[in-house]
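Heads up: the protein sequence lines correspond to chains G, E, Z and H, in order. Each residue of the first sequence is one higher than the one before, starting from 4 at the first, in our numbering. Each residue of the second sequence is one higher than the one before, starting from 4 at the first, in our numbering. Each residue of the third sequence is one higher than the one before, starting from 4 at the first, in our numbering. Each residue of the fourth sequence is one higher than the one before, starting from 4 at the first, in our numbering. Ideal Cβ positions, reconstructed from N, Cα and C, are used throughout, including at glycine. As the structure is a computational prediction, the values presented were derived from the model and not from experiment. Heads up: the structure comes next, in structure tokens.
Protein chains: 4
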Amino acid sequence: MAQRYGEIRARSLVLAAPLSAEDQCIQSMSDASPTKWHLAHTSWFFEAMVLGPLAPGYVPFDERFSYLFNSYYEALGPRHPRPQRGLLTRPTLVQVLAYRAHVDTGVQDFMATCDEMAWRRALPLLTLGLHHEQQHQELILTDILHALSCNPTLPAYQCAAASSHKPALRVAPVTAPLHWVTGRTGTAAIGHDGSGFAFDNETPRHRVLLSPYRMADRLVTCGEYLQFIEDGGYRRPELWLSDGWAAVQANGWSCPLYWLAPHDARAPAGDWQVFGLSGVGALDTSAPVSQVSFYEAAAFAEWAGARLPTEFEWETAFDAPGMTQMTGYAWQWTRSSYGPYPGFHPLAGAAGEYNGKFMVGQMVLRGGSSATPLGHTRPSYRNFFPPGARWQFSGIRLARDA
Amino acid sequence: MAQRYGEIRARSLVLAAPLSAEDQCIQSMSDASPTKWHLAHTSWFFEAMVLGPLAPGYVPFDERFSYLFNSYYEALGPRHPRPQRGLLTRPTLVQVLAYRAHVDTGVQDFMATCDEMAWRRALPLLTLGLHHEQQHQELILTDILHALSCNPTLPAYQCAAASSHKPALRVAPVTAPLHWVTGRTGTAAIGHDGSGFAFDNETPRHRVLLSPYRMADRLVTCGEYLQFIEDGGYRRPELWLSDGWAAVQANGWSCPLYWLAPHDARAPAGDWQVFGLSGVGALDTSAPVSQVSFYEAAAFAEWAGARLPTEFEWETAFDAPGMTQMTGYAWQWTRSSYGPYPGFHPLAGAAGEYNGKFMVGQMVLRGGSSATPLGHTRPSYRNFFPPGARWQFSGIRLARDA
Amino acid sequence: MAQRYGEIRARSLVLAAPLSAEDQCIQSMSDASPTKWHLAHTSWFFEAMVLGPLAPGYVPFDERFSYLFNSYYEALGPRHPRPQRGLLTRPTLVQVLAYRAHVDTGVQDFMATCDEMAWRRALPLLTLGLHHEQQHQELILTDILHALSCNPTLPAYQCAAASSHKPALRVAPVTAPLHWVTGRTGTAAIGHDGSGFAFDNETPRHRVLLSPYRMADRLVTCGEYLQFIEDGGYRRPELWLSDGWAAVQANGWSCPLYWLAPHDARAPAGDWQVFGLSGVGALDTSAPVSQVSFYEAAAFAEWAGARLPTEFEWETAFDAPGMTQMTGYAWQWTRSSYGPYPGFHPLAGAAGEYNGKFMVGQMVLRGGSSATPLGHTRPSYRNFFPPGARWQFSGIRLARDA
Amino acid sequence: MAQRYGEIRARSLVLAAPLSAEDQCIQSMSDASPTKWHLAHTSWFFEAMVLGPLAPGYVPFDERFSYLFNSYYEALGPRHPRPQRGLLTRPTLVQVLAYRAHVDTGVQDFMATCDEMAWRRALPLLTLGLHHEQQHQELILTDILHALSCNPTLPAYQCAAASSHKPALRVAPVTAPLHWVTGRTGTAAIGHDGSGFAFDNETPRHRVLLSPYRMADRLVTCGEYLQFIEDGGYRRPELWLSDGWAAVQANGWSCPLYWLAPHDARAPAGDWQVFGLSGVGALDTSAPVSQVSFYEAAAFAEWAGARLPTEFEWETAFDAPGMTQMTGYAWQWTRSSYGPYPGFHPLAGAAGEYNGKFMVGQMVLRGGSSATPLGHTRPSYRNFFPPGARWQFSGIRLARDA
């Protein structure tokens, strides 16, 4: 555990490393958080959940940090307003890094010295804290990408050669013709099967009934999405859910969040381009489309004569023969609202606020993206965002009734 | 059909009758519509869906009405902005009543003279139009109640003695101890069974798997809800979904929408009162609580150590022995997000926008209220509103895992 | 006084007469008020300022009206929120008319029977009340015109033949070449000279120093304003004050408030038209432009190589030989902010809130419009509105340094 | 000139020196700008106004900076939206400092080598640029103070001992009884007298007529303002202008912007404290009150039975015997709206946008504050802010009719 703790914690700093102190301080919208805040909040999580309650004699780094870096845990007291996280120039980045080191020392000491009883209580929370850290590692990338996209010079997070966040083994996709894989029907077991870690929202494992369906064997590509655009996809209300069409009109959406139309003043070119962690590059028509909202995913599916899969269909088809790109490319919007499984109970204590209280108004995404830490996801993993969220690495997989 | 058409159409005018032309003109929030607009829009529905396409020689009452009284049908052209419906002093109420008469004459003529082919096409649309009219009959009541509630003098829609909207056979409830009825488990058939009318969103009929559950045999009463309030229900974040707690704080909610706390300046009294269609009256602790949002329903259930039923549990338990108040008292929030059933397809043509495009961001309510026209609901009927909506006759039924 | 009271009070009803109860109920923006509210508020003014304090035994029509129809007098207690005046369907128009009659009877009785002492106290307040009523008579017209302009059918307040609000002797203007009249310079006396009624904000009379200037002998015409539009006036930031340019961009202004560009969908025509109290009519290029904001007036003046006059220049030039259209056509934006004259003191009591507390953030308009009751204005009269207000009969007179 | 240029430019860096790169990047409200932005914008001013037009062969540091760092000059092209200045983490602070050096080198080279003709054109613009730089030096302090005040830990800009921005000779004020100094009446000359630099808005010099008045010989102290608070000043609408009272209610104002009431959670203490550039300190009742809006200044004056002076009274009384604290303590709100002097003409070219286009909706402040660079102000200097602005070093001087 000590080794795993050290590795995962270090990974956050690697992700922050290409960014200046200025970059790490800003907040470009209230849904996103500064890098520095992520670094501090993930440390606070260990302090508040493990060290404070379980490590006798632990001295907090700074009493005020429990106010500054609590995200949304009502049980753990009042907290700094979310939209003002970008105003926290103090503590400085240097101080936050010291805070991380202080917490890390505390956790390592605790693990080395605690008794059996404390260990039994701490282990699930430490494990939760590391998965929590990994979730924020992805958010560090999605949030800074949004922040950089607000700069008219469109600076890169890091140059392409150094793209440490891309796993070496994920090769560039080549567009093959899309095939429809027939899913298993009848009753299927859904949810975490009990081996290894899972969040509470993946439980209890239960059975659902599935109607006959087929699912695409790969994600929708940028090239396919471009056809949707060129066919007037963003101008045809009949393709959209009502809330989606309202969002298109209110926000002037005409393409995925980080696409640059030809002749965009910020990086003039004759053709479509995409802004990403490596800066602006030509649109790769064979790459999975990403940074689309649920509304756009649903409209695309309607245009394509298909639909989005339910989260149950997705989970059941995870290891179907021929299925590709289920994880490591883009999170995949499902047609399922995020709600509790039958018999769901949140964790006890403050950790009970982790997932359960968000179970309304959001849609489930499955899979995992190129920004997701390797090994962080599972077939039963349930990611969730509001249907209008566009700044995640969120893409589209199609399904159909069989 | 002609007789049924006449009866249902006349019913709308009966509901509008207690209201002055001024009352019928105003719009108190963008979610609500003026009575006059409801009267015109329901007529426009027959004109746009039936008379225009199918009745040769039909002359529209006023060409401009298709712009003014289209609600949300993109396929039928542009329309007056929803938040500005209250600015339409012209056409006057008198003109709108003439419009209704014009459409009614057109429909009755059409029914009397059309050929077999036209009749086959028209019948489902006429039927849909009458169910549509009944839905708006309930909205006439909920919307005017909201409008009147914005008046500091709290005027009554009509005096209690005249309450024609209350069906004679629904007796005042007496609070009996709540009993838990055990639901059927295993696979259950859900959705419209094919006999009689149903909206497209109730189809296709399909099977779901139900985990063991129990459901309360009656609705939560005002007296029980008062206990929740007095136990600090509106001040305890741990009871609330995150979005619900945000709504409580942003809007200062402290009781159901139309409750008046003791000593409210608008109608001073020593105890709790409720504003309703008959004006202000003493809180009836044995009556089902109403005008609560999904957020409040969910928080109450949490406080009560229970949960809300899914729409599938509700539908399956509809005719369980001992179950009461399933319809005719208050719509009942379920824990189910409003989405498509497996294999769902919207109706063809403009009517396809009736239900399907709203299948995101809303919660399903089941049952029917004291304001719902008699005979309008079914066990498979799916009403839906956003989780923060409070101005409907929406109440609470509890469920539990068995 | 009794006769004058009766005449002025009756005039308000004449102005309301073309409007249905529905028309009189709505509020199209928070700056405007419903006709019915104007009718009630002007009655409340007499009740609150005269009858309540001075008429022994006067019984208020309805105690709740002091809450409903107080406009902004903090000293007279809390009041209904301004943006919600349009929700007051009750009291009905009929009840408000009864309220007017009740107050009128009370006032006439009081005038007939009060003693000398009471009369001395009441006379200035009654006089103020009648001038107040006249101000609201103009607002009845400007507010209903705005409300009707929000209806896509653009209904007329009344047909042209019946335009009772147009004074018979004001002939249609003919565009003569504009002449520059040289103003008197040196010290000039400003403010009310003491004979007859004046508001407190016109006092004390005092002297100012005027630099040499010239002032246009007539108002800017619609034809001249059209040249400004056609010369790109609304697209050239260099002509605008910074706040004005921001308003142009935020609101998409491209012409005066009630102008319809050629081919406007609401009333298609090949040329420019104007919506007014008589409905839509062809643009009269010789008529004074109206319904422009201070920002537009200032931009036009800049475009014309001129400027707006100060209120002191305007007042001094009021009766200069050759000067025309000083009153009865359109209020005339001046370059003067609305502030207190040296030595200004508001009236004592509640009437002190009439003018003084608004002396920041507004610009002075002088003159009077075609909607202003005859005899209501004076050379020293100071009207005032925020610089972005466009719904008044507000036009442009140019000035230049000599 | 070269020496003066160097000194003033260096001063900006001295002011920025206590701040980290993170501090210099953030923007806490749209009215304020990041320190880094100030450093870049003031450099851009010399580049855009002098080097670009007049220095042959000057190569801009980065073409994109003319978009990023133009503040509001429409004539100089489009620009980055003001509310998003805080998102510019790139260019980094280091790059901005290099930009400053690049511009400084360019300007010094230009001054050393330009011909007589170029010098005559450049000198007024260089002079303007230095005064512009000094204005931004004060804004650097006011804006960072606001940003730091948003941090719940209330960090100090710099520790008290190092307070380099406080001029050595300004001793701490001791509250003497306030005396009323009688002003000169009759005609008075107003505006810049022609010797030395002045902004265009201080011209032309002209005469005004002054009514008899008296003016307080010192500023209102924090102790006096505390009496206003304790006497219910923020709860008594009769003391406030209408817009001011609306601001009090909408924003919950109950004391000057940076005052901390006793027991404020951010820095608990038993008595009032003030947050300032040196952090939180005890309220000094003898110090001039600062960081109040015009609304608060006017309400205080009303409470004190006095009024605010006009800008003409203030300027005329500048050197009256016995008058103190006219500059160097706090800007002093006047009762004068910011408008053009008779015969005013803005500068030619882009510099014409410096002052003139803001002449509506703002109030004039006179004097100068402890944050104003020494030597930057004059008796004729006209500062201006909207009446609700509170984040400047803005205080109160009283006046009365004599």
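Determine, using beta carbons only, whether residue i and residue j come nearer to each other than 8 Å.
i: G/PRO376; j: G/GLN27; result: no
i: G/VAL367; j: G/SER339; result: yes
i: Z/GLN335; j: Z/ARG400; result: yes
i: G/ALA302; j: G/LEU311; result: no
i: E/LEU157; j: E/ALA268; result: no
i: E/TRP275; j: E/ALA264; result: yes
i: Z/HIS135; j: Z/THR45; result: yes
i: E/LEU212; j: G/ARG210; result: yes
i: E/GLY398; j: E/TYR332; result: yes
Would you mind giving the Cβ-Cβ distance between residue i and residue j, rounded to the nearest angstrom? I have them listed as a contact below 8 Å.
i: G/ASN154; j: G/ARG385; result: Contact doesn't hold; Cβ gap of about 33 Å is too wide.
i: H/TYR76; j: H/GLU316; result: In fact, because the Cβ distance is near 34 Å, the residues do not count as touching under 8 Å.
i: H/ARG369; j: H/LEU260; result: Actually they do not touch by this definition, with Cβ atoms about 20 Å apart.
i: Z/THR92; j: E/ILE29; result: 6 Å
i: Z/VAL184; j: Z/MET326; result: 6 Å
i: H/ALA1; j: H/ALA353; result: Limits of chain H in this structure are 4 at one end and 405 at the other, which puts residue 1 of chain H out of reach.
i: H/ALA24; j: G/ALA309; result: Between G/ALA309 and H/ALA24 the Cβ distance is about 49 Å, and since that is not below 8 Å, they are no contact.
i: H/PHE72; j: H/TRP40; result: 7 Å
i: G/MET4; j: G/LEU129; result: 7 Å
i: Z/VAL277; j: Z/TRP262; result: 6 Å
i: Z/TYR237; j: Z/VAL223; result: In fact, because the Cβ distance is near 16 Å, the residues do not count as touching under 8 Å.
Between which two residues does the beta strand (DSSP E) holding residue i run?
i: G/GLY279; result: 276 to 279
i: G/MET366; result: 366 to 369
i: G/PHE388; result: 386 to 388
i: E/TRP183; result: 183 to 185
i: E/SER339; result: 334 to 340
i: Z/GLY282; result: 282 to 285
i: Z/ARG403; result: 402 to 404
Which residues mark the beginning and the end of the alpha helix (DSSP H) in which residue i is found?
i: E/GLN98; result: 96 to 116
i: E/ASP146; result: 119 to 152
i: G/THR319; result: 314 to 319
i: E/SER293; result: Unbroken run through E/SER293: none, as it is neither H nor E.
i: E/GLY9; result: 5 to 19
Would you say residue i reaches chain C, if we count a Cβ-Cβ gap shorter than 8 Å as a contact?
i: E/ILE143; result: Although the question refers to chain C, the structure presented lacks it and instead comprises the protein chains G, E, Z and H.
Uninterrupted beta strand (DSSP E) stretches inside the segment 193 to 249 of chain Z (no shorter than 3 residues): Within the segment 193 to 249 of chain Z, the complete beta strand (DSSP E) runs of at least 3 residues are 209 to 213 and 216 to 219.
Segment contact flag, the segment 213 to 220 of chain G with the segment 282 to 302 of chain G, C-beta cutoff 8 Å, min 3 pairs: Contact check between the segment 213 to 220 of chain G and the segment 282 to 302 of chain G: fewer than three CB pairs, one atom from each, fall below 8 Å, which does not count as touching.
Unbroken stretches of the alpha helix (DSSP H), 4 residues or longer, contained in the segment 23 to 99 of chain H: Complete alpha helix (DSSP H) runs here, min 4: 24 to 28, 38 to 49 and 68 to 71.
Any 3 or more C-beta pairs closer than 8 Å across the segment 129 to 143 of chain G and the segment 28 to 42 of chain G: Touching, yes, given that three or more Cβ pairs across the two stretches are closer than 8 Å.
Three CB pairs or more closer than 8 Å across the segment 48 to 58 of chain Z and the segment 98 to 117 of chain E: Contact fails between the segment 48 to 58 of chain Z and the segment 98 to 117 of chain E, because fewer than three Cβ pairs, one in each stretch, are under 8 Å apart.
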